[in-house]
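Here is the structure we will look at.
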Amino acid sequence: EAPVKDPNCEEPPMTFFTSDGADCPADAIIDVEVGDIIDNTGLFTIAGLDLGTMNMQLAPCFTDNCTDDLTYVVRNVDNGDPSETCSKTIVVEIEAVDDCGNVSVDALVCTFIIVDDVAPELEMPVVTEGDITCDDISVEDVTAFANGTLTPEEEAAFLDAAAALFVSNGLIPTGTTDDCNDSDYEEISIDVTLGDDCDIATLICTFVAVDVCGNTSEPASTSLNLIDDTAPVITCPADVEVDCTADNSPASTGMATATDDCGQEVAV
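For the sequence shown, our numbering begins at 1 and goes up steadily by one.
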């Protein structure tokens, strides 16, 4: 009689992750073919991981009325769909054969799930900090954003303007890398820290890299310092002619005025 498989005996599915050294799901295969004999102490390699060195063995699911010395043979192999780049299921069916060549009717089904759980990496520019002036962005808007007093519409417009400054100053990631899948970077926040009259504020833009599987990198940031490095502009009153007895005080002839790009108070 052929060996008999215990109907209640199954190998539970096993999951291997790329973070543990498994191959990418799209590339992962099992290194046995139909007809191969399985050594119960050596087993096989799946997704580049040697199960034998991990001290794994097949579950003792088969019995035979004549011998305990059974041979295990691969009945079927399904290496999954290579288009499954985030998680792929690989299945191998193993049958038992006794010394007389009798083959078990049922096979032991071993299921392996290969998962890409490694996040991509951000490629950041060499220079991650720059300066901007009050000509580049409104000090009033920067202050209001930091204080949380902008309307939702105003806040959205401010964030768009700030994001454009990071782009124009080259303070965005230069790319992303991922071992298994396509990836790209995302801007996740722009924050503002207020300073003083000269070093007015620091804008901080934070990015992450995300692959198509949803694995997300650690964040990285770049910054723009809003500084006042522009001298105020003075405007003199129009020329007037006065005689020696006339009032030639500034109150009569006019006072010079001055303006500052950053809205600072100016003494004339």
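Every residue, glycine too, gets a C-beta built ideally from N, C-alpha and C.
The structure displayed is predicted, hence computed values, not measured ones.
Per DSSP, the bridge partner or partners of residue i
i    : result
I188 : I188 pairs with nothing; no bridge assigned.
L224 : G130, L203
F145 : Answer is none; F145 lacks a bridge partner.
S183 : D211
L194 : A201
V118 : In DSSP, V118 forms no bridge with anything.
Which of helix, strand or coil DSSP assigns to residue i
i    : result
D139 : For the sequence presented, residue 139 should be read as Val rather than Asp. In this structure, V139 counts as helix in the three-state DSSP scheme.
V210 : strand
T67  : coil
D98  : coil
T85  : coil
E155 : helix
F16  : strand
F44  : coil
L108 : strand
Test item: CB-CB of residue i and residue j under 9 angstroms
i    : j    : result
V105 : V77  : no
I188 : A163 : no
T89  : D116 : no
S217 : A119 : yes
Classification of residue i by the beta-carbon crowding that lies within 10 angstroms, buried from 16 upward
i    : result
T18  : buried
V192 : buried
F16  : buried
C205 : buried
D211 : buried
D243 : exposed
N8   : exposed
S83  : exposed
Selected residue, minimal CA-CA separation from residue i, among the options
i    : options                : result
P3   : L226, P82, D98, Y72    : D98
T45  : A96, C110, P12, P7     : C110
A28  : V91, F145, D36         : V91
L224 : V142, E95, V210        : V142
A209 : M14, K5, V74, D179     : D179
L51  : M14, D136, I37, V34    : M14
S138 : C61, A107, I227        : I227
G170 : N102, T176, V126, E186 : V126
I113 : F145, N79, A107        : N79
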